[in-house]
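To start, the structure under review is shown below, and the notes come after it.
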Amino acid sequence: MNREPLICLHNVAKRFDRGETVALEQINLRLHSERFYALCGPSGCGKSTLLHLIGLLEWPDEGEIFYEGRSYRTITEHARFRRESIGFVFQFHHLIPVWTLKENMVAAMLPECSGDNREHRALELLDRVGLAHRAKALARDISGGERQRGAIARALVNRPKLIIADEPTGNVDSVNAMRIMKLLQGYALEEKATLLIATHDEGIALSADVRIGMQDGRIESFKEMHDYCSSKDQ
Ligand SMILES: Nc1ncnc2c1ncn2[C@@H]1O[C@H](COP(=O)(O)OP(=O)(O)OP(=O)(O)O)[C@@H](O)[C@H]1O
Ligand SMILES: [Mg+2]
C-alpha cells in the first residue's frame, strides 16, 4: 500500500482578530487516500477553520500543509489547484442563486473541458444526485435539500481526489441527510477519493473509517472506527 499521505499538516496554527482568537494550534495530521475521515467536536473548536486551510480557502499563520507531498506554499495558481484537486461542499451550499443548476455546474468546471463535454458532465452529475429534471431551475427556486445535493454535484464535476464537506447534512431533513451521505460515500468508493467531513452527527462519524476529535483548536483524538487492515488494505 502507498503510505504517502494525500494530505499532511505539520504544526499548523491559525489565529483571528490580530492573534487574539486562537482557532487552531499545533495541528499535525495525515490523511490517506481512499479513506473517510469524520471531523467532530463542539461548536467553535476549529473544524471549519481546519477544512478551509486544507481546502486552500484560507492560509495558516504557522506550519505547512502538503497535498501528495507538495507544499501549498509552492502552489501558485490556487483557484486552478482547488478546482482540479479538491471538491468543497459548504454548510450552506453557496450556489449562485440566479443561475440555473446546470450553469452552476458548468461554471465550476476546468476551462479545458469542451462545450459538449461540459453539458454532458453537468447533466450526468445532476442525474446522479437526482436533479436532472431540475437542471434548468434557478438555484434560488429549488428546495434546501435539492440545493445541497446540487452543491455536491458541483463539488464532484472535476473528479477531485479529495472531497471536503462542512456539515453537509446540517440543514436538511433526515431523508436528504441519508441521501447526501450515500452520494458522497458512493462517489468516494467509485473514484477512489478521500472524504473529510465535519459533522455533529455521531451516526455519520460511526460510518467513517476514522473519527478525528477536536477540542479548543487542537486534535484531541484520532480513532480508527474499523479494522483498517481487514478492510481496504487487503
Ligand atoms: N473569520 C473569523 N474571524 C474571527 N474569528 C473566527 C473566524 N472564523 C472562525 N473564527 C473563530 O475561530 C474559532 C473556530 O471557529 P470554527 O468556525 O472553525 O469552529 P467550528 O468547529 O467549525 O464550529 P461550528 O461547529 O459551530 O461550525 C471560533 O472561536 C470562531 O469564533
Ligand atoms: Mg463550522
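To get the numbering used here, take the position in the sequence shown, counting from 1, and add 398.
Don't be surprised by glycine CBs; every beta carbon is placed ideally from N, CA and C.
Practice task
Counting only the same chain and skipping the five closest in sequence on each side, list residues whose C-beta sits under 8 Å from that of His342.
Solution key: Past the edges of the chain, shown from 399 to 632, lies residue 342, and the structure says nothing about it.
Handout entry: C-alpha gap between Arg481 and Glu460, whole angstroms
Key = So the two alpha carbons sit approximately 25 Å from each other.
Problem - Residues bridged to Asp599 (per DSSP) - result: Paired residue(s): none; Asp599 is not in a bridge.
Handout entry: Assumed close pair Met503, Leu523 - CB separation to whole angstroms, cut-off 8 Å
Key = For a cut-off of 8 Å, the C-beta gap from Met503 to Leu523 is around 6 Å, short enough to register as a contact.
Handout entry: Rounded straight-line distance, which links the Cα of Ala411 to that of Glu544
Key = Spanning the two alpha carbons is a distance of roughly 36 Å.
Exercise for the section: Using only the heavy atoms of ligand 2, determine whether one of them is closer than 6 Å to the beta carbon of Lys445. Expected result: Yes; taking the cut-off as 6 Å, the Cβ of Lys445 has a heavy atom of ligand 2 nearer than that.
Problem - beta strand (DSSP E) runs wholly inside the segment 546-626, at least 3 long, in chain order - result: You should have 560-564, 592-596, 608-613 and 616-622.
Handout entry: N- and C-terminal bounds of the alpha helix (DSSP H) containing Thr447
Key = In the DSSP assignment, Thr447 falls within the alpha helix (DSSP H) that extends over Lys445 to Ile452.
Problem - As assigned by DSSP and simplified to three states, the class of Ser628 - result: Confidence at Ser628 is low in this model, with a pLDDT of 45, below 50, so the placement of that residue should be treated as unreliable; the coordinate-derived value is given next. Looking at Ser628 - three-state DSSP - the assignment turns out to be coil, as it is neither helix nor strand.
Handout entry: 8 Å Cβ shell around Gln632 - same chain, five flanking residues per side excluded
Key = At Gln632 the pLDDT is 37, less than 50, meaning the model places this residue with poor confidence and gives no usable figure here.
Practice task
State the DSSP-derived secondary structure class of Asn409, mapped to helix, strand or coil.
Solution key: Strand at Asn409.
Exercise for the section: Could you tell me which of Glu588, Gly542, Ser541 and Val573 sits nearest to Ile561, measuring between CA atoms? Expected result: The residue with the shortest Cα to Cα distance from Ile561 is Glu588.
Practice task
Inspect the beta-carbon positions of Glu423 and Gly615 and report whether they are closer than 7 Å.
Solution key: Yes, the pair counts as a contact, with Cβ atoms nearer than the cut-off.
Problem - Cβ-heavy atom distance, Thr472 to ligand 1, below 6 Å - result: No, the Cβ of Thr472 stays beyond 6 Å of every heavy atom of ligand 1.
Exercise for the section: Find out if the Cβ-Cβ distance for the pair His491, Gln546 is shorter than 7 Å. Expected result: Yes, Cβ-Cβ distance for His491 and Gln546 is below 7 Å.
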